[in-house]
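Numbering (UniProt numbering), first residue to last: 1 to 234. Ideal Cβ placement from N, Cα and C applies to all residues, glycine included. As structure tokens, the structure follows; a few thoughts come after it.
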Amino acid sequence: MLLVGLATYNELDNLPHLVARIHTELPAADVLVVDDNSPDGTGAWCQEFSHDNHWFTCIVREGKQGLGSALSLLMQTAVERGASHLITMDADWSHPPERLTELVAAAESSDVVIGSRYCDGGSIEGWPWHRRMMSHTVNSLSRVILGIPIGDFSGNYRVYNCQLLAKVPWLELQSAGYAFIEEVLWHLKRLGATFTEVPITFVDRKLGKSKISSREMVGALKMLSSLAWRRLRG
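Here is the structure:
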């Protein structure tokens with residue numbers, strides 16, 4: 001069973017149409033949303049929609065707890081439900097759903113498939129220069145520190161093998177925010193994961209506000225420094 005996992009906060013303008021498109025692209029997949037009690041009613045919509053659609057479920061949490069903790073919950077829930085693979089993607093249409101079938105096909109021969117902005121054929125639309133610079137900096141540091149031969153460490157468009165996710169030591173993960181996206185790769189690499197990138201065009205959100213802040217970027221750099229120290233210690 002394939003499970004598509006979406007972490008949401010104030011995505012009511014985007015989520016209904018995106019969920020419908022995901023179901024069109026992957027009609028056999030289930031969809032799980034973890035919502036942090038969005039003030040705009042995203043969670044309420046999810047709960048209502050789940051009543052008449054058996055393939056769709058949601059978890060509405062109390063308050064904003066961060067992307068990392070939402071992804072951790074999605075991963076552990078996928079394992080508990082017996083899914084073969086978990087697909088994660090952003091809920092704001094930045095990740096093109098038309099590439100879902102290609103990512104799933106690549107997962108037949110790789111433990112982690114990444115929809116990549118930074119491999120041959122990948123690109124970004126709509127970002128200002130300073131955001132591009134910050135992203136390139138974080139990804140360049142991640143490549144050196146984590147030692148994984150990929151280009152895109154900070155993107156959330158991925159397919160994970162759930163047999164490998166079942167072995168992740170969740171209590172050792174420290175990041176509750178965006179840094180979780182890089183940190184989980186570190187643990188998967190230590191478990192012997194294989195990695196593949198599929199090029200995508202990342203389009204900056206058209207509706208709603210970006211959740212990425214300078215504080216999140218600082219958190220990612222701190223986490224990478226911690227992992228660099230752990231790698232040096234062996």
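{"Item": "Kindly indicate which residue of P128, D30, A83 and Q76 has the alpha-carbon position closest to the one of T57.", "Value": "D30"}
{"Item": "Which class does S110 belong to by DSSP, given the choice of helix, strand or coil?", "Value": "coil"}
{"Item": "Return the first residue and the last residue of the alpha helix (DSSP H) that C46 is part of.", "Value": "T42 to H51"}
{"Item": "Per DSSP, which residues does F56 bridge with? Please list them.", "Value": "V31"}
{"Item": "Check G5 in the structure and name its three-state DSSP category.", "Value": "strand"}
{"Item": "Return helix, strand or coil for G177, following the three-state DSSP convention.", "Value": "coil"}
{"Item": "Out of G147, V203 and G155, which has the shortest C-alpha to C-alpha gap to T194?", "Value": "G147"}
{"Item": "Name the residue from C162, Y157, P39 and A166 whose alpha carbon lies nearest to the alpha carbon of T201.", "Value": "Y157"}
{"Item": "Please give me, in chain order, every unbroken run of the beta strand (DSSP E) with length at least 3 that falls completely inside the segment 118-192.", "Value": "123-125 and 158-161"}
{"Item": "Output the boundary residues of the beta strand (DSSP E) element that contains H23.", "Value": "Where H23 is concerned, there is no enclosing beta strand (DSSP E), although the alpha helix (DSSP H) it sits in stretches over L15 to E25."}
{"Item": "What is the residue span of the beta strand (DSSP E) that E11 lies within?", "Value": "First-last for E11: undefined, no H or E at that position."}
{"Item": "Less than 7 Å between the beta carbons of L173 and E182, yes or no?", "Value": "no"}
{"Item": "Tell me whether the beta-carbon of S70 lies closer than 7 Å to the beta-carbon of V34.", "Value": "The residue you asked about is not Ser; residue 70 is Ala in the sequence shown. Yes, these two residues count as a Cβ contact at 7 Å."}
{"Item": "Let me make sure I understand the geometry here. Which of G177, I124 and S110 has the alpha-carbon closest to that of S116?", "Value": "I124"}
{"Item": "I think L103 touches L86, with their Cβ atoms under 8 Å apart; what is that distance to the nearest whole Å?", "Value": "About 12 Å; that fails the 8 Å criterion."}
{"Item": "Among the candidates I22, G41, R131 and V159, whose CA atom is the shortest distance from the CA of N10?", "Value": "G41"}
{"Item": "Round the Cβ separation of G68 and Y178 to the nearest angstrom and send it over; I've been treating them as touching at under 8 Å.", "Value": "7 Å"}
{"Item": "Can you list, in chain order, the stretches of the beta strand (DSSP E) that have 3 or more residues and sit fully within the segment 71-110?", "Value": "85-88"}
{"Item": "DSSP has P199 in a bridge; who is on the other side?", "Value": "S116"}
{"Item": "Quick one: using the 10 Å Cβ neighbour count with 16 as the cut-off for buried, is P97 buried or exposed?", "Value": "buried"}
{"Item": "Let me know the secondary structure DSSP gives R61 once reduced to three states.", "Value": "coil"}
{"Item": "Please report the Cβ distance between E197 and I145, rounded to the nearest whole angstrom; I am assuming they are in contact, meaning their Cβ atoms lie under 8 Å.", "Value": "The pair is not a contact, with the Cβ atoms about 18 Å apart (cut-off 8 Å)."}
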